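Enquirer: Below is the structure I would like to discuss, written out as structure tokens.
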Amino acid sequence: GAVVSQHPSRVICKSGTSVKIECRSLDFQATTMFWYRQFPKQSLMLMATSNEGSKATYEQGVEKDKFLINHASLTLSTLTVTSAHPEDSSFYICSARGTSPGETQYFGPGTRLLVL
Amino acid sequence: AQSVAQPEDQVNVAEGNPLTVKCTYSVSGNPYLFWYVQYPNRGLQFLLKYITGDNLVKGSYGFEAEFNKSQTSFHLKKPSALVSDSALYFCAVRARISGNTPLVFGKGTRLSVIA
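Right, here's the structure in full:
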């Protein structure tokens, strides 16, 4: 299947700093990318959906000024957690999909964020 | 609104026995249906999907799933379980409409295969 990479895989930062997570589709053009957050032993919670060159659509309850999403090209999307706090510690997973009907949505390996 | 139900939090199976992980869905119209597997501290790996055609779909690692429209189900099955199949399994659905509709996931079922 298609490959989606995510970097970094793990990051530890101090409270108040910003953290950028990159998501890349390595072998296909991802017109749509999704960012999810997963708490321990829970399902994935969709944070936002982004199309290349457009503003992201955020789910209800997700602060767009805190979780900045940029989908600058068909192969790259970034999530920046601004002024991170300990409650932002979580497992963040990106996902990418092409345009064909029934297209499979492929997932990155995830980024574990720990805010101290 | 779309929704997915995975009624079992945990499924325990002896190695070599058949396994079933249940999934039912609710969506307007015909669905796209997916199964993913997640190993600890990893992202989701695609297993199989139903788009159209044959109701029995075969996927990776010997898994298969059967689309049952009347029962709105898409149960995941494997004839003979392996210890390495132990993981968290997610069923997901997406409506057949245009746009950027995201996948809607079930809560996940933890499969434990015992040697």
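In order, the protein sequences belong to chains A and B. In this text, residue positions in the first sequence follow my numbering: the first is 28, and each later residue adds one. In this text, residue positions in the second sequence follow my numbering: the first is -4, and each later residue adds one. We treat Cβ as the ideally placed atom computed from N, Cα and C, and that holds for glycine. Predicted, not measured: the structure shown is a model, and the values here were computed from it.
Taking Cβ to Cβ, would you say residue 63 of chain A is nearer than 8 Å to residue 73 of chain A?
Expert: yes
Enquirer: What's the call for residue 41 of chain A, buried or exposed, on a 16-neighbour Cβ count within 10 Å?
Expert: exposed
Enquirer: What residues are listed by DSSP as bridge partners for residue 38 of chain A?
Expert: Answer by DSSP bridge pairing, in chain order: A:140.
Enquirer: Quick one, which residues of the stretch 11 to 45 of chain B are near chain A if we go by CB-CB under 8 Å, in chain order?
Expert: 27, 29, 31, 36, 37, 38, 39, 40, 41 and 44
Enquirer: Could you work out which residue in B:61, B:47, B:7 and B:23 is closest to residue 86 of chain B when comparing CA atoms only?
Expert: Taking only the C-alpha atoms, the option nearest residue 86 of chain B is B:61.
Enquirer: Do residue 1 of chain B and residue 102 of chain B have their C-beta atoms within less than 8 Å of each other?
Expert: yes
Enquirer: Between residue 69 of chain B and chain A, is there a C-beta pair that is closer than 8 Å?
Expert: No, residue 69 of chain B lies away from the interface with chain A (no Cβ there is under 8 Å from its Cβ).
Enquirer: Does the stretch 29 to 41 of chain A come close enough to the stretch 108 to 124 of chain A that 3 or more CB-CB pairs lie under 8 Å?
Expert: yes
Enquirer: Which whole-angstrom value describes the C-beta separation of residue 90 of chain B and residue 10 of chain B, a residue pair presumed to lie in contact below a C-beta threshold of 8 Å?
Expert: 38 Å between Cβ atoms; not a contact.
Enquirer: Would you be able to state if there are at least three C-beta pairs under 8 Å between the stretch 44 to 52 of chain A and the stretch 14 to 32 of chain B?
Expert: Not touching, per the Cβ criterion.
Enquirer: Could you check whether the Cβ of residue 54 of chain B sits closer than 8 Å to any Cβ belonging to chain A?
Expert: no
Enquirer: Using the Cα positions of residue 13 of chain B and residue 73 of chain B, report the straight-line distance between them to the nearest angstrom.
Expert: 6 Å
Enquirer: Please name the residue or residues paired with residue 86 of chain B in a DSSP beta bridge.
Expert: B:30
Enquirer: Would residue 98 of chain A be called buried (16 or more neighbouring beta carbons within 10 Å of its own) or exposed?
Expert: buried
Enquirer: Excluding five sequence neighbours on each side, which residues of the same chain lie with their C-beta closer than 7 Å to the C-beta of residue 116 of chain A?
Expert: 140, 141 and 142
Enquirer: Which runs of the beta strand (DSSP E) spanning at least 3 residues fall entirely within the stretch 40 to 92 of chain B, listed in chain order?
Expert: 51 to 53, 59 to 63, 68 to 73 and 82 to 90
Enquirer: Could you tell me which residues DSSP pairs with residue 37 of chain B in its beta bridges?
Expert: Answer is none; residue 37 of chain B lacks a bridge partner.
Enquirer: Residue 107 of chain B bridges to which residues according to DSSP?
Expert: B:7
Enquirer: Given that residue 85 of chain B touches chain A, what residues does it touch there, using C-beta distances under 8 Å?
Expert: Within 8 Å Cβ-Cβ: 70 and 71.
Enquirer: Quick one: complete beta strand (DSSP E) runs, 3+ long, within the stretch 34 to 115 of chain A?
Expert: 37 to 40, 46 to 52, 59 to 65, 71 to 78, 94 to 100 and 103 to 108
Enquirer: Return the CA-CA distance between residue 101 of chain A and residue 7 of chain B, expressed in angstroms with no decimal places.
Expert: 41 Å
Enquirer: Which residue's Cα is closest to the Cα of residue 40 of chain B: B:97, B:106 and B:82?
Expert: B:82
Enquirer: Contact criterion: CB-CB distance below 8 Å. Does residue 57 of chain B meet it with respect to chain A?
Expert: Against chain A, the CB of residue 57 of chain B has no partner CB under 8 Å away; the residue lies outside that interface.
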